[in-house]
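Asker: Okay, handing you the structure first.
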Amino acid sequence: MDFQVRKDGESIELLLSGRLEFTDHDRLHDVIELLETRGVRRFIIDAKDLTFIDSAGIGMLLILQDETEQRNIKMIVRKLHGDVKRSIDLARIGEIITIEE
Amino acid sequence: MDGSAALPALPATGPAGVMRPFSVVRDRVPADVAARAAARFGLSAAGGGTAAAVLLARADRDIVRSAFGLNGFLTVELTEREDGTGTLDADWLGAPPVEQGFYLSLTTGTAYGLQCAVLVCDELARRGVLTPERRGNIELCLHEAIANAIVHGNLEIPSATKDQPDGYRLFSRLLRERLGDGAVRQRRIDIFARWTSEGLTIAVVDQGNGFDTTALPQDTDSGAHSGRGFLFMRALARRINVTDGGRCTLLQFDL
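Protein chains in written order, with our numbering: chain A, -17 to 83; chain B, 768 to 1022.
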């Protein structure tokens, strides 16, 4: 998995690309550090270029959800499609994570 | 066949000096590999030493793809080190497959990060077994089985680790520690695929301590950070069996 970061006022946008899977755990620490940015209120995960997510990757999204909640930051996942959407639907996490088209 | 180590021509991959590994043998499948394949998958022919095999040292993604391309039945990474192949026989041309299937055995150190499910599904597609429509679900199931075998099997990291406070840090630390242990890295991940016109069966086998298969989750707390792999497999495969005390996951799919 690779990611790029865009910061705009109170929002941080994380643009994920490639595959988010069990071998990516070491990257999670870097992402969580972004949440320490002063004044951030929204954390947007853009999945347009994400091609695959496994159950461990979904676990990482849920860890990010917990971490953002602890900091009163709103997390939104956007642009799910294809195999990524299939996995998210199977995991039934739509009640916990805010998903936008 | 004189047993000399002649190498078939293959595209150069990996760092210079590491490209020793390819050799293919007939009637020379290592006894422990043949015995493991026969015992776990009921392969009488492999046990008799007639399977065509590709033996590797220090595999990477390109090497595994090239090995598959030789159409051997067994593709076995003997070691992560380049000096472990021993005397090999390169008489592979025309060696018939034992049956409709193939067997891939990798060290954990290599399998981690190799995206084995992609490699196996690419090979199934190349052999005309997988259509694009079927591939996505099968690849996800296989990926989950392999990830479990690596992380919870051979690396012995409990699945509940991530649900502890700060569990993701602990999980990352355990991963680094276990992958840094040479003996653990040498544990094997075996993947065996065979098929008929109706169905595909894939077994994923590890060398970990196994687990209590009666405790497999039927459902997962929607907020839990782990435990969805088996739910995915149950939802997408025709059938899933866990045998060998939790060390073998057998996935069956319609074709």
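Glycine is no exception: its CB is placed at the ideal position from the N, C-alpha and C atoms.
(1) Starting from the beta carbon of B:E911, find every residue of chain C whose beta carbon is closer than 7 Å, and list them in chain order.
(2) Would you mind sorting A:E49 into buried or exposed? The rule is 16 or more other CB atoms within 10 Å of its CB.
(3) Report yes if the C-beta distance between B:R945 and B:I969 is below 8 Å; otherwise report no.
(4) Which stretch, first to last residue, makes up the beta strand (DSSP E) that contains A:E82?
(5) When the Cα atoms are used, what is the spatial distance from A:L2 to A:T80?
(6) Check each residue of the stretch 877 to 906 of chain B: if its Cβ is closer than 7 Å to any Cβ of chain A, include it; give the result in chain order.
(7) Per DSSP, what kind of secondary structure is B:N838 in: helix, strand or coil?
(8) Output, in chain order, the set of chain B residues within a Cβ distance shorter than 9 Å of A:H11.
(9) In chain order, what residues of the same chain lie with their CB nearer than 6 Å to the CB of B:D850, ignoring the 5 residues before and after it?
(10) Residues in the same chain with beta-carbon distance under 7 Å from B:N904, minus the five sequence neighbours each way, listed in chain order, please.
(11) What are the residues that DSSP puts in a beta bridge with A:M57?
(12) From A:K56 to A:Q47, what distance separates their C-alpha atoms?
(13) Verify the CB distance criterion: does B:A982 have a CB-CB separation below 8 Å to chain A?
(14) So, for A:E(-8): in the same chain, excluding its five sequence neighbours on each side, which residues have a beta-carbon less than 8 Å away from its beta-carbon?
(15) Give me the DSSP bridge partner(s) of B:L870.
(16) Would you say B:R995 reaches chain A, if we count a Cβ-Cβ gap shorter than 8 Å as a contact?
(17) Return no unless some Cβ of chain A is closer than 8 Å to the Cβ of B:F978.
(18) Leaving out five residues before and five after B:A916 in sequence, what residues of the same chain have Cβ atoms less than 6 Å from its Cβ?
(19) Here's a check: name, in chain order, each residue in its chain whose Cβ is nearer than 6 Å to the Cβ of A:E18, leaving out the five neighbours to either side.
(20) B:Y870 and A:L10 look like a contact to me (Cβ under 8 Å); what is the Cβ gap, rounded to whole Å?
(21) For a test of the three-state rule: what should DSSP assign to B:V887, helix, strand or coil?
(22) Taking only beta carbons into account, state which residues of the stretch 992 to 1021 of chain B come closer than 9 Å to chain A, listed in chain order.
(23) If you draw a straight line from the alpha carbon of B:P932 to that of A:I45, how long is it in whole angstroms?
(24) Beta-carbon separation of B:A960 and B:G876 under 8 Å?
(25) Strictly below 7 Å CB to CB, what residues from chain A border B:A826?
(26) Cβ closer than 7 Å: which chain A residues qualify as neighbours of B:V918?
(27) Quick one: is B:E900 buried, meaning 16 or more other Cβ sit within 10 Å of its Cβ, or exposed?
(28) Going by alpha carbons, who is nearest to B:R952 out of B:V831, B:V896 and B:A878?
(29) If you follow the beta strand (DSSP E) that A:V(-13) is in, where does it begin and where does it stop?
(30) To the nearest angstrom, how far is it from the Cα of A:L(-2) to the Cα of A:M(-17)?
(31) Under the DSSP definition of a beta bridge, which residues are partnered with B:Q1019?
Answerer: Judging by the given coordinates:
(1) Protein chains in the displayed structure are A and B, and chain C is not among them.
(2) buried
(3) no
(4) T80 to E82
(5) 18 Å
(6) Y879, G880 and G903
(7) coil
(8) Y935, R936 and S939
(9) Because the pLDDT at B:D850 is just 48, under 50, the model does not fix this residue reliably, and the value given afterwards should be weighed accordingly. Excluding positions up to five away in sequence, the list is empty.
(10) L1003
(11) A:F25
(12) 8 Å
(13) no
(14) G21, V22, R23 and R24
(15) It should be pointed out that residue 870 of chain B corresponds to Tyr in this sequence rather than to Leu. DSSP output for B:Y870 lists B:L841 and B:F959 as bridge partner(s).
(16) yes
(17) no
(18) I956, V971 and D973
(19) none
(20) Actually they do not touch by this definition, with Cβ atoms about 34 Å apart.
(21) helix
(22) H992, S993, G994, R995, G996, F997, L998, F999, A1002 and L1003
(23) 10 Å
(24) no
(25) Residues of chain A passing the Cβ test: none, with the nearest at roughly 16 Å.
(26) F4
(27) exposed
(28) B:A878
(29) D(-16) to D(-10)
(30) 7 Å
(31) B:T968 and B:R1006
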